[in-house]
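Below is one structure, written out as structure tokens, with a few remarks after it.
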Amino acid sequence: MFDDKSILITGGSGSFGKMYVRTILERYKPSRLIIYSRDELKQFEMQQVYNDPCMRYFIGDVRDRDRLIQATTDVDFIIHAAALKQVPAAEYNPMECIRTNVHGAENVIQAALANNVDKVIALSTDKAANPINLYGATKLASDKLFVAANNMAGRHRTQFAVVRYGNVVGSRGSVVPFFQGLIDRGAGSLPITDVAMTRFWISLQQGVDFVLKNFERMNGGEIFVPKIPSVRIVDLARAMAPDLDQHVVGIRPGEKLHEIMCPADDSHLTLEFYDHYVLTPTIKFFKGDVDYKLNRIGEVGAPVRPGFEYNSGANDVFMNTDQISDFNAVALARGA
1 MFDDKSILIT GGSGSFGKMY VRTILERYKP SRLIIYSRDE LKQFEMQQVY NDPCMRYFIG
61 DVRDRDRLIQ ATTDVDFIIH AAALKQVPAA EYNPMECIRT NVHGAENVIQ AALANNVDKV
121 IALSTDKAAN PINLYGATKL ASDKLFVAAN NMAGRHRTQF AVVRYGNVVG SRGSVVPFFQ
181 GLIDRGAGSL PITDVAMTRF WISLQQGVDF VLKNFERMNG GEIFVPKIPS VRIVDLARAM
241 APDLDQHVVG IRPGEKLHEI MCPADDSHLT LEFYDHYVLT PTIKFFKGDV DYKLNRIGEV
301 GAPVRPGFEY NSGANDVFMN TDQISDFNAV ALARGA
């Protein structure tokens, strides 16, 4: 569905954007593939690798609505990946996080509507479910904006949806490169926030594939959540450095022991499909009722049991140390 189409990705010079571009160029022939981001150095470095004739590199910030409207002219699809994502940084710089993650989301919506974009998918995070930190709260607000935007569309054809998933192996600022840096520098032990801590685990390629598939699935208004395994942080550290000791440093400001992607309070809105969940909108759309149990590619979902919660600590699937090692090796090799 992306052949001869114009696609824009905000925050496109980040980890997700690079994998997304690589995947699109391998599988499709878009007419334009636009990287919209504010870091000229990252764009320059990315251009050395991805310089297909369809590529366009636009300097711009999602805080700048006029620039976004200009950049999205004649665009068919938008992936909104731009965000301030570091939990401690958001706690110490709350207004900056709000300006990018909340006001930026509104600007993407307005730009998409102004240019009659076909479909928009915004990337979210497990931290947006029952948030306890500012980053998660801003992403929950962003999720709500993108869902409600389907009502704002009116006669516009534009549809909006959200993709929510967990920790991405090897992404910038994540725990794997942090641990690897300590190992490479000869650390005597690895810091563990809490011995009971768990996280959902997904590769960049899996994240990109899930987003691409949901452009086909979406009716508009969904929050898509993939079924993915969990890891225990102590097992991750052991998989990466089996001979190193571990020391507990305590949970950082705004950090959770376990992550949630489908809250129990939303169980009455949650549908289970074969390989993913869908959180349906809390509001009714003016365009009429949508049967979210049947998506655009014919997949059928069913309501989850009352009180169901998709929690990394109570997941049905956990990786052991060997599985973590194998998974990380494949994920990092693909993401290199």
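Residue numbering for the sequence shown is 1 to 336, as defined by the numbering used here.
Quick reminder that beta carbons are idealized off the backbone N, C-alpha and C, glycines included.
- Query: Using 8 Å as the threshold, is the stretch 79–96 in touch with the stretch 246–263, meaning 3 or more CB pairs across them?
  - Reply: Cβ pair count under 8 Å is three or more, so yes.
- Task: Look at the alpha carbon of Ala-141 and the alpha carbon of Ala-331, and state the distance between them as a whole number of angstroms.
- Result: The straight-line gap separating the alpha-carbon atoms of Ala-141 and Ala-331 is approximately 30 Å.
- Query: Buried or exposed: which applies to Asn-216, given that a residue is buried once 16 or more other Cβ atoms fall within 10 Å of its Cβ?
  - Reply: In the sequence as displayed, the identity of residue 216 is Glu instead of Asn. It is exposed - the Cβ of Glu-216 has fewer than 16 other Cβ atoms within 10 Å.
- Message: Quick check on the DSSP output: the beta strand (DSSP E) that includes Thr-23 runs from which residue to which?
- Response: For Thr-23, no beta strand (DSSP E) run applies; the uninterrupted alpha helix (DSSP H) run containing it begins and ends at 15–27, by DSSP.
- For Ile-183, the three-state DSSP class (helix, strand or coil): It is helical.
- Task: With distances taken Cα to Cα, identify the nearest neighbour of Ser-15 among Ser-171, Lys-287, Val-278, Asn-93.
- Result: By alpha-carbon distance to Ser-15, the top candidate from Ser-171, Lys-287, Val-278, Asn-93 is Ser-171.
- What's the C-alpha gap between Ile-202 and Tyr-135? Each residue's alpha carbon lies about 20 Å from the other.
- Message: At a threshold of 6 Å, does Gly-166 count as lining the ligand COA (C-beta to nearest heavy atom)?
- Response: The ligand COA is not part of this structure, which contains no ligands at all.
- Does the Cβ of Gly-221 have 16 or more other Cβ atoms within 10 Å, making it buried, or fewer, making it exposed? Counting the other CB atoms within 10 Å of its CB gives Gly-221 a total of 16 or more, which places it among the buried residues.
- Where does Tyr-135 sit, in a helix, a strand or coil, going by DSSP? In the structure shown, the three-state DSSP call for Tyr-135 is helix.
- For Lys-18, count neighbouring Cβ atoms within 10 angstroms of its own Cβ and tell me buried if that reaches 16, exposed if not. The residue is buried, with at least 16 neighbouring Cβ atoms inside 10 Å.
- Work out the CA separation of Tyr-36 and Asn-101 for me, nearest whole Å. Note on geometry: alpha-carbon atoms of Asn-101 and Tyr-36 lie some 15 Å from one another.
- Query: Using DSSP with H/G/I as helix, E/B as strand and the rest coil, what is Ala-314?
  - Reply: Reduced to three states, the DSSP call for Ala-314 is helix.
- Between the stretch 146–165 and the stretch 112–121, do three or more beta carbon pairs fall short of 8 Å? Per the Cβ contact rule, the stretch 146–165 is in contact with the stretch 112–121 (3 or more Cβ pairs under 8 Å).
- Within 10 angstroms of its Cβ, does Tyr-274 collect 16 or more other Cβ (buried), or is it exposed? Exposed, since its Cβ has fewer than 16 Cβ neighbours within 10 Å.
- Please name the residue, chosen from Arg-305, Asp-118, Ile-183, Val-248, that lies closest to Pro-242 on a Cα-to-Cα basis. Taking the Cα of Pro-242 as reference, the smallest distance to any Cα among Arg-305, Asp-118, Ile-183, Val-248 is reached at Ile-183.
- Item | Own chain, CB closer than 7 Å to Glu-96, minus 5 neighbours either side, in chain order | Apart from the 5 residues on each side of it in sequence, Glu-96 sits with its Cβ closer than 7 Å to the Cβ of Leu-84 in its chain, given in chain order.
- Closest by CA to Lys-5, which one among Val-117, Thr-282, Asp-61, Gln-43? Considering only alpha carbons, the answer is Val-117.
- Query: In three-state terms, what does DSSP make of Lys-144?
  - Reply: In the structure shown, Lys-144 adopts helical secondary structure according to DSSP, grouped into three states.
- Message: Quick check on Gln-159: does DSSP put it in helix, strand or coil?
- Response: Note: Gln-159 maps to strand in three-state DSSP.
- Item | Collapsed DSSP secondary structure at Val-108 in the structure displayed | The three-state reading of DSSP puts Val-108 in helix, counting H, G and I together.
- Query: Do Arg-238 and Ser-312 come within 7 Å of each other at the CB atom, strictly closer than that value?
  - Reply: No; because the gap between Cβ atoms is not below 7 Å, this pair is not in contact.
- Message: With three or more C-beta pairs closer than 8 Å as the rule, is the stretch 274–290 touching the stretch 222–235?
- Response: They touch, by the three-pair rule.
- Distance CB(Tyr-20)-CB(Val-208) smaller than 7 Å: In this structure, Val-208 lies closer than 7 Å to Tyr-20 by Cβ.
- Reference Asn-51, options Asp-266, Val-290, Thr-72, Arg-22, closest by Cα: Answer by Cα proximity: Arg-22.
- Relative to the C-alpha of Asn-214, which residue among Arg-305, Ala-333, Asn-320, Gly-298 is closest? Of the listed residues, the one whose Cα sits closest to Asn-214 is Gly-298.
- Message: Please give me, in chain order, every unbroken run of the beta strand (DSSP E) with length at least 3 that falls completely inside the stretch 175–262.
- Response: Taken in chain order, the complete beta strand (DSSP E) segments of 3 or more residues contained in the stretch 175–262 are 189–192, 198–202, 223–226, 230–232, 245–248, 260–262.
- For Asp-291, is the classification buried or exposed, using 16 other Cβ atoms within 10 angstroms of its Cβ as the cut-off for buried? When all chains shown are included, Asp-291 counts as exposed.
- Below 8 Å, can you find three or more Cβ-Cβ pairs linking the stretch 261–272 to the stretch 186–195? Result no; under three Cβ-Cβ pairs closer than 8 Å.
- Which residues DSSP lists as bridging Arg-32, in chain order: Residue pairing by DSSP places Arg-32 opposite Ser-6 in a beta bridge.
- Helix, strand or coil: how does DSSP classify Met-319 here? In this structure, DSSP gives Met-319 a state outside helix and strand, which the three-state scheme calls coil.
- What is the DSSP secondary structure of Thr-270, reduced to helix, strand or coil? DSSP, read as helix, strand or coil, puts Thr-270 in strand.
- Message: Can you give me the C-alpha to C-alpha distance between Phe-58 and Ile-109, rounded to a whole angstrom?
- Response: Distance between the alpha carbons of Phe-58 and Ile-109: 18 Å.
- Message: Let me confirm a value: Gln-47 is counted as buried when at least 16 other C-beta atoms fall within 10 Å, else exposed. Which label applies?
- Response: Gln-47 is classed as exposed because its beta carbon has fewer than 16 other beta carbons within 10 Å across all chains shown.
- Message: Starting from Tyr-57, trace the alpha helix (DSSP H) in both directions and tell me its first and last residue.
- Response: That residue, Tyr-57, is in no alpha helix (DSSP H); its beta strand (DSSP E) goes 55–59.
- For Phe-77, which residues does DSSP report across the bridge? Note: Phe-77 sits in a beta bridge opposite Ile-7, Lys-119.
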